[in-house]
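Notes follow the structure.
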Amino acid sequence: MTMGDVLQERELQQGERPETRPRSLARVAGYALLGVLFVGLAGRLMDFPIGRDENLFITVSRLWGSGDIYRDFGFNHLPYLPYLLGGLYWLTGTGHLVLLGRLLVLLAWAAAITALWLIARRQRAGFPAFFTAAVLLMGNVLLLGGPGMMATNNFLPIPFALFALYFLLCGLDRERPSWTLCFVAGMMVSCAIGLKANYVFLAPFLAMATILAPAARPLRSRLVCGASRWRWAG
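In terms of the working numbering, the sequence shown has 492 at position 140, counting the first letter as 1, and numbering is strictly consecutive.
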């Protein structure tokens, strides 16, 4: 028996397979690359020039509480972002209005990436699926422009939508659906819609998913159960 065979046998006895070591190194390298991408994204976000839409949201958020945002300030979007950002301004008492808004967007980026990791982990998709999704998100050309860099309502709904998907998967992927988790998913969708009305398209898909649940049951049984729920609701 050669020295290499002895070392390989010792590794197997210790519960470590030789082929898992390159895989672990690749995963560490992947996380390091994602970290570098996120740092670069943060630098770009903080250095991005202020835009007209961002000026509108920050101004209305700062003046929230001193008047009606629609009647007095001419605001024409749903109110969740002025409420959220205005609440942060009130809590912190900061004068760095743009900085706090950009930090909120950066937190939304981190939350979106975390949601992708949770979804991949929940579905047992593996690290390559999460890595691909995270790179596609952080490398999206549109989101690297104003929509993903400025303190507006363009990017902030995305983490809420992704967390809604995560809680929906957790709630429905079982024999007896967890209506608590489904309720949390619905709240996440409502927050996304409250930030930007375009995300209302998520609501019917969420409703249909809850009606056709759980996934562990046969499709025919789910359809019959869903039809009976619709009949009962009507």
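C-beta: ideal position from N, C-alpha, C; glycine also. Predicted model only: the values in this text are computed from it and were never measured.
Round the Cβ separation of Gly337 and Cys534 to the nearest angstrom and send it over; I've been treating them as touching at under 8 Å.
One cannot answer for residue 337 here, as it falls past the ends of the chain, which runs 353 to 586.
In three-state terms, what does DSSP make of Glu527?
Under the three-state reduction of DSSP output, Glu527 falls in the coil class, being neither helix nor strand.
Does the beta-carbon distance from Val536 to Leu554 come in below 9 Å?
If you check the CB distance, Val536 and Leu554 do not come in under 9 Å.
Exposed or buried, Thr444, counting other C-beta atoms within 10 Å across all chains shown (16 or more means buried)?
Counting the other CB atoms within 10 Å of its CB gives Thr444 a total below 16, which places it among the exposed residues.
Kindly confirm or deny that the stretch 397-416 and the stretch 514-533 touch, where touching means at least three C-beta pairs closer than 8 Å.
Contact between the stretch 397-416 and the stretch 514-533 is absent, because fewer than three Cβ pairs lie under 8 Å.
Would you call the stretch 450-464 and the stretch 504-518 in contact, with 3 or more CB pairs under 8 Å?
The stretch 450-464, when compared against the stretch 504-518, does touch it at the 8 Å Cβ threshold.
Going by beta-carbon coordinates alone, are Met502 and Gly403 separated by less than 9 Å?
Yes; because the gap between Cβ atoms is below 9 Å, this pair is in contact.
Please go through the same chain and pick out, in chain order, the residues whose beta-carbon is closer than 6 Å to the beta-carbon of Leu489, but skip the five residues on each side of it.
Within the same chain, no Cβ atom closer than 6 Å to the Cβ of Leu489 is found once the five residues on either side in sequence are excluded.
By Cβ distance, which residues of its chain are closer than 8 Å to Gly419, with the 5 residues on each side in sequence left out?
Counting only residues of its own chain and dropping the five nearest sequence neighbours on each side, Gly419 has a CB closer than 8 Å to the CB of Phe425.
Beta-carbon separation of Met398 and Leu458 under 9 Å?
It is a contact, given that the beta carbons lie within the stated cut-off.
Specify the secondary structure class of Ser580 as computed by DSSP and reduced to three states.
Confidence at Ser580 is low in this model, with a pLDDT of 46, below 50, so its placement is unreliable and the value that follows should be read with caution. Helix.
Which of helix, strand or coil DSSP assigns to Arg473:
Reduced to three states, the DSSP call for Arg473 is helix.
Quick one: what's got a C-beta closer than 8 Å to Ala460's C-beta in the same chain, skipping five residues either side?
Excluding sequence neighbours, Ala460 sits near Phe507, Leu508, Ile510 and Pro511.
Nearest candidate by alpha-carbon position, reference Lys548, set Pro431, Arg379 and Tyr383:
Lys548 has its Cα closest to that of Pro431, out of Pro431, Arg379 and Tyr383.
Along the alpha helix (DSSP H) that carries Phe483, what are the first and last residues, could you check?
That run of the alpha helix (DSSP H) goes Phe479 to Met490.
Phe390 versus Phe483, His448 and Gly498, residue with shortest Cα-Cα distance
Minimum Cα distance to Phe390 is reached at Phe483.
Using the Cα positions of Gln475 and Tyr422, report the straight-line distance between them to the nearest angstrom.
For Gln475 and Tyr422, the distance between alpha carbons rounds to 43 Å.
In terms of residues, what are the limits of the alpha helix (DSSP H) holding Val412?
Residues Arg404 to Leu415.
Just to confirm the assignment, what range does the alpha helix (DSSP H) spanning Thr444 have?
Residue range Tyr432 to Thr444 is occupied by the alpha helix (DSSP H) that includes Thr444.
Using a threshold of 9 Å, state whether the C-beta atoms of Tyr441 and Trp469 are closer than that.
No.
Buried versus exposed, by CB contacts within 10 Å (16 or more), Gly491:
Around the CB of Gly491, fewer than 16 other CB atoms lie within 10 Å, so the residue is classed as exposed.
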